[in-house]
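Input: a single structure, listed below in structure tokens.
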Amino acid sequence: MDLHYRTARREDVPVLVAMINEDPITAARSSSGEPDYDAAFEAVDADPRNELIVVESDGDVVGTMQLTYIPGLSRRGGERAQIEAVRVAVPHRNRGIGREMMRWAVERARERGCALVQLTSDKARTEAHRFYGSLGFTASHEGFKLAL
1 MDLHYRTARR
11 EDVPVLVAMI
21 NEDPITAARS
31 SSGEPDYDAA
41 FEAVDADPRN
51 ELIVVESDGD
61 VVGTMQLTYI
71 PGLSRRGGER
81 AQIEAVRVAV
91 PHRNRGIGRE
101 MMRWAVERAR
111 ERGCALVQLT
121 SDKARTEAHR
131 FYGSLGFTAS
141 HEGFKLAL
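Numbering of the sequence shown is given in the UniProt record's numbering, commencing with residue 1 and proceeding in unit increments.
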């Protein structure tokens with residue numbers, strides 16, 4: 001399958017939000033207030049350390065993910081790439097698209113000179129954990145969150 005990667009545009013927002021929200025774990029999360037996806041898109045789009053990626057095949061949007069580049073003093077001052085909100089559209093799953101997306105994201109981080117690629121995954125996503133492990137990721141840390 002020939003995949004094309006590009007930066008998201010404002011008109012992609014409804015499709016990307018639908019793809020993110022079709023996930024049952026995401027849909028079950030509570031939130032305070034009405035979502036403002038347009039403001040979120042504008043903030044990501046304006047930030048040079050963030051990339052909201054659209055993945056297309058034959059003109060169809062088949063996936064999305066967000067890459068955030070985090071500078072820091074740890075890792076000898078090396079920048080790290082955080083991969084978030086990886087989604088493949090339901091009709092396109094189980095075709096190797098997610099694997100190719102992750103390979104692309106790791107290579108993008110490598111080209112940028114990142115020292116590390118990291119991601120978090122909900123503890124309930126055991127299938128995703130096996131998938132990330134098959135790509136060479138290790139479950140090396142315990143994550144914590146505090147909803148505000």
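C-beta atoms are modelled at their ideal positions from N, C-alpha and C, and glycine is treated no differently. Keep in mind the model is a prediction, meaning the values are calculated, not measured.
Margin query: Quick test of your reading: Gly78 and Ala115, contact by CB under 8 angstroms. State the CB separation rounded to the nearest angstrom.
Written below: Here residue 78 refers to the residue found at position 78 when the sequence shown is read from its first residue. Here residue 115 refers to the residue found at position 115 when the sequence shown is read from its first residue. The pair is a contact, with the Cβ atoms about 3 angstroms apart (cut-off 8 angstroms).
Check: Beta carbon of Asp47: closer than 7 angstroms to some heavy atom of the ligand FMN?
Finding: By its list of ligands, the structure shown contains no ligand whatsoever, and the ligand FMN lies outside what it can speak to.
Notebook entry, point to check: How would you write the range of the alpha helix (DSSP H) that Gly3 sits in, first residue to last?
Noted result: Counting from 1 along the sequence shown, the entry for residue 3 is found at position 3. First, the residue type needs correcting, since residue 3 is Leu and not Gly in the sequence shown. Taken as a continuous stretch (DSSP letters only), Leu3 belongs to no alpha helix (DSSP H), as it is neither H nor E.
Check: Between the beta-carbon of Met102 and the beta-carbon of Leu135, is there less than 8 angstroms?
Finding: Taking the first residue of the sequence shown as position 1, residue 102 is located at position 102. Taking the first residue of the sequence shown as position 1, residue 135 is located at position 135. Taking 8 angstroms as the Cβ cut-off, Met102 and Leu135 qualify as a contacting pair.
Check: Are the Cβ atoms of Met19 and Thr64 separated by less than 8 angstroms?
Finding: Along the sequence shown, read from residue 1 onward, the residue named residue 19 stands at position 19. Along the sequence shown, read from residue 1 onward, the residue named residue 64 stands at position 64. Yes, these two residues count as a Cβ contact at 8 angstroms.
Check: Cα separation between Ala43 and Ser140?
Finding: Stepping through the sequence shown from its first residue, residue 43 is reached at position 43. Stepping through the sequence shown from its first residue, residue 140 is reached at position 140. If you take the alpha carbons of Ala43 and Ser140, they lie about 30 angstroms apart.
Check: Straight-line CA distance for Asp58 to Pro48?
Finding: Numbered from 1 along the sequence shown, position 58 holds the residue referred to as residue 58. Numbered from 1 along the sequence shown, position 48 holds the residue referred to as residue 48. Asp58 and Pro48: Cα-Cα distance of roughly 28 angstroms.
Next item on the list: Answer yes or no: do Val54 and Arg6 have a C-beta to C-beta separation smaller than 8 angstroms?
Entry: Taking the first residue of the sequence shown as position 1, residue 54 is located at position 54. Taking the first residue of the sequence shown as position 1, residue 6 is located at position 6. In contact: Val54 and Arg6 (Cβ atoms closer than 8 angstroms).
Margin query: Measuring straight from C-alpha to C-alpha, what distance separates Glu127 and Gly113?
Written below: Taking the first residue of the sequence shown as 1, we reach residue 127 at position 127. Taking the first residue of the sequence shown as 1, we reach residue 113 at position 113. Near 30 angstroms, if we compare the C-alpha coordinates of Gly113 and Glu127.
Check: Thinking C-alpha only, which one of Glu107, Lys145 and Leu16 is nearest Lys123?
Finding: Your numbering for residue 123 matches position 123 in the sequence shown. Ranking the options by Cα distance to Lys123, first place goes to Lys145.
Next item on the list: Assuming Ile83 contacts Ala105 (C-beta within less than 8 angstroms), just tell me the rounded distance between them.
Entry: Numbered from its first residue, the sequence shown carries residue 83 at position 83. Numbered from its first residue, the sequence shown carries residue 105 at position 105. With 8 angstroms as the limit, Ile83 and Ala105 qualify as a contact, their Cβ atoms being about 5 angstroms apart.
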